[in-house]
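Quick note on the UniProt record's numbering: the sequence shown kicks off at 1 and runs consecutively.
Accompanying notes for the structure given below.
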Amino acid sequence: MVIQAFRPDRLLAMAHQFVSTNLGENFMSIMEQPLDLTHIVDTEVKPNTPVLMCSVPGYDASGHVEDLAAEQNTQITSIAIGSAEGFNQADKAINTAVKSGRWVMLKNVHLAPGWLMQLEKKLHSLQPHACFRLFLTMEINPKVPVNLLRAGRIFVFEPPPGVKANMLRTFSSIPVSRMCKSPNERARLYFLLAWFHAIIQERLRYAPLGWSKKYEFGESDLRSACDTIDTWLDDTAKGRQNISPDKIPWSALKTLMAQSIYGGRIDNEFDQRLLNTFLERLFTTLSFDSEFKLASKVDGHKAIQMPDGIRREEFVQWVELLPDTQTPSWLGLPNNAEKVLLTTQGIDMISKMLKMQMLEDEDDLAYAETEKKARTDSTSDGRPSWMRTLHTTASNWLHLIPQTLNHLKRTVDNIKDPLFRFFEREVKMGAKLLQDVRQDLADVVQVCEGKKKQTNYLRMLINELVKGILPHSWSHYTVPAGMTVIQWVSDFSERIKQLQNISQAAASGGAKELKN
1 MVIQAFRPDR LLAMAHQFVS TNLGENFMSI MEQPLDLTHI VDTEVKPNTP VLMCSVPGYD
61 ASGHVEDLAA EQNTQITSIA IGSAEGFNQA DKAINTAVKS GRWVMLKNVH LAPGWLMQLE
121 KKLHSLQPHA CFRLFLTMEI NPKVPVNLLR AGRIFVFEPP PGVKANMLRT FSSIPVSRMC
181 KSPNERARLY FLLAWFHAII QERLRYAPLG WSKKYEFGES DLRSACDTID TWLDDTAKGR
241 QNISPDKIPW SALKTLMAQS IYGGRIDNEF DQRLLNTFLE RLFTTLSFDS EFKLASKVDG
301 HKAIQMPDGI RREEFVQWVE LLPDTQTPSW LGLPNNAEKV LLTTQGIDMI SKMLKMQMLE
361 DEDDLAYAET EKKARTDSTS DGRPSWMRTL HTTASNWLHL IPQTLNHLKR TVDNIKDPLF
421 RFFEREVKMG AKLLQDVRQD LADVVQVCEG KKKQTNYLRM LINELVKGIL PHSWSHYTVP
481 AGMTVIQWVS DFSERIKQLQ NISQAAASGG AKELKN
């Protein structure tokens, strides 16, 4: 807690040290060992246990399964889920494979959470062949049935961070024959695109510093950009082996990527300017100069110079020589951006730990609701500790927050004053929010006392309050990032008291009194 308060950017490092100290130095090294999917599938996964390959948006984990099937020379049926036709094909493939011992891989199953519930029930009734395996690839999604997650073996995949890893993924996804087509300048344009794609994706990790929000830049954007380069370059080259760099349609390429391919996802003016700046800086005739700089020298960090070559092998070799991690200056960010990133990751870690802490308490709550009829009203020991704490806190907040806020009274003279109309709206909004907050807190107190049943809304509200998070239903005005619900309640109380003073002033002296 001391580290979180004084050096939040060092929280992850301290957590790493804490785990190593308490669980042994070898614990973290075991977690970092490469995944031996072959051994796990052969020895640890039963035929009726689905293997769930979960990944972040934009990353396809199906390649791991296809490589494994090719390595073991095992027949596999791959089906994309998302339509009624896909459901029928999946059912037929599973029914056939459980008898023959083939493997079945269903892709993008997160698009059909309702069908997954049927699949989970079906798996319990199967008597599969000993060699049968079912793989499900999906993006991490809260709608995936919990029972399926409990029944399966889960693997979580995410692309390794860094410009180097991103560019190597790009080069591996583009066929060699496509990149080596004439004109020879095509490979250099692909390299510029790979660098640009890596930069904008890496900046997402630094949001809201890198971008104002986490845009879903992904592989589909990269493929569209490659198609755009091919179309315009082929039309310009007309079969020639080489073209002059100044003949390349730079303006068309930049416009399409800025306004359609990548820019189509952006809804912020400043982010759009930033995207345009990167495109203008990279996609230029100067990029064919031997001394063209991809990243300038900043604060002692060396500049990144464009490799002098036109062949794919030369570019891949150059990328492989890059360090695994980059400085923020490569991305056009200040050096302290790394501290911002580490601070954000630390906050996310604490939030997830609080969410995990709620699981046991929710089990206690379920038990308490089942057994509450057997208890007397005077017994409080049956309640979990968090519920007793929440009951006390909510009761104190109800005493802290003013009970009512009177609306401003309109008159013929008052309504003509713009200042009066402004404060009238403010008081009206404050009174409505005050009513909602007091009602929510009163309901929470009754739930804690066992006098009221939980609804979905109250369950979500209680979870947020226990975690110290400001409930979404209370966020009617902008507050500083990271403000806890305790700080918000105190601030909200002062705001309501100020509006009470304004309401009293308007009642006694009218609109003229508001100017004083």
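We put the CB at the ideal spot given by N, CA and C, even for glycine.
Please confirm if residue i has its CB atom under 7 Å from at least one CB of chain B.
i	result
E338	Going by chain labels, chain B is absent from the structure shown, which holds only one protein chain.
So residue i and residue j are in contact, right, with Cβ under 8 Å, and what is the actual spacing, rounded?
i	j	result
L405	A431	4 Å
T38	L11	Their Cβ separation, rounded to whole angstroms, is 36 Å, which puts T38 and L11 out of contact at 8 Å.
L233	L192	About 12 Å separates the two Cβ atoms, so there is no contact after all.
I266	L256	Not a contact, Cβ separation roughly 14 Å.
V437	I401	7 Å
T170	A194	4 Å
L333	Y206	6 Å
H124	K99	Rounded, the Cβ-Cβ distance is 17 Å, inconsistent with contact.
residue 518	G152	A query on residue 518 cannot be resolved here, the shown segment of the chain reaching from 1 to 516 and no further.
Check whether the Cβ atoms of residue i and residue j sit closer than 7 Å, and answer yes or no.
i	j	result
P161	A237	no
P113	K92	no
L322	K164	yes
F135	M105	yes
V156	C54	yes
H476	L433	yes
L470	W488	yes
F292	L286	yes
A90	I76	no
I154	L52	yes
R7	C180	no
L341	R203	no
A394	V427	no
K339	D9	yes
I261	D227	no
L148	L111	no
K107	T74	no
E120	P145	yes
Should residue i go down as buried or exposed, given a rule of 16 or more other Cβ atoms within 10 Å for buried?
i	result
A225	buried
residue 582	This structure cannot settle anything about residue 582, because the visible part of the chain is limited to 1 through 516.
A507	exposed
D381	Confidence in D381 is poor, its pLDDT being 49 and thus under 50, which makes the residue's placement too unreliable to answer from.
I486	exposed
G509	exposed
G24	exposed
N414	buried
Q326	buried
A70	exposed
R178	exposed
D308	exposed
S385	exposed
H472	exposed
T96	exposed
K453	exposed
A198	buried
M1	exposed
A258	buried
D440	buried
K372	Low per-residue confidence applies at K372: pLDDT is 49, beneath 50, and the placement is therefore not dependable, though the value from the model is reported in the following sentence. With fewer than 16 other Cβ atoms within 10 Å, it is exposed.
V56	exposed
Give the single residue among the options whose Cα lies nearest to the Cα of residue i.
i	options	result
D289	L275, S296, L461 and Q305	Q305
D60	P159, F278, M167 and I310	P159
F315	S172, E71, G101 and V146	S172
K467	Q454, D417, K352 and E449	K352
F196	N166, P208, K181 and M179	N166
N335	K297, P50, P57 and S493	K297
T389	V447, R203 and I347	V447
I229	I248, M14 and I94	I248
A481	E280, R421 and T344	T344
L168	V319, A13 and F492	V319
F217	P208, G263, N242 and K254	G263
Q504	F420, D324, I347 and E464	F420
G450	Q72, H391 and V146	H391
Q127	Q118, S244 and I94	I94
E219	K254, I200, A303 and A337	I200
S329	G346, A13 and L294	L294
D435	V65, R459 and S493	As written in the sequence, residue 435 is Gln, which differs from the Asp given in the question. For Q435, the nearest C-alpha among the options comes from S493.
With respect to 6 Å, is the separation between the Cβ of residue i and the closest non-hydrogen atom of the ligand NAD below this value?
i	result
L390	This structure lacks the ligand NAD; in fact it carries no ligand of any kind.
Closer than 8 Å is the cut-off here; do at least three beta carbon pairs connect the stretch 206–215 with the stretch 262–271?
yes
Cβ contact (3+ pairs, closer than 8 Å) linking the stretch 45–53 and the stretch 79–92
no
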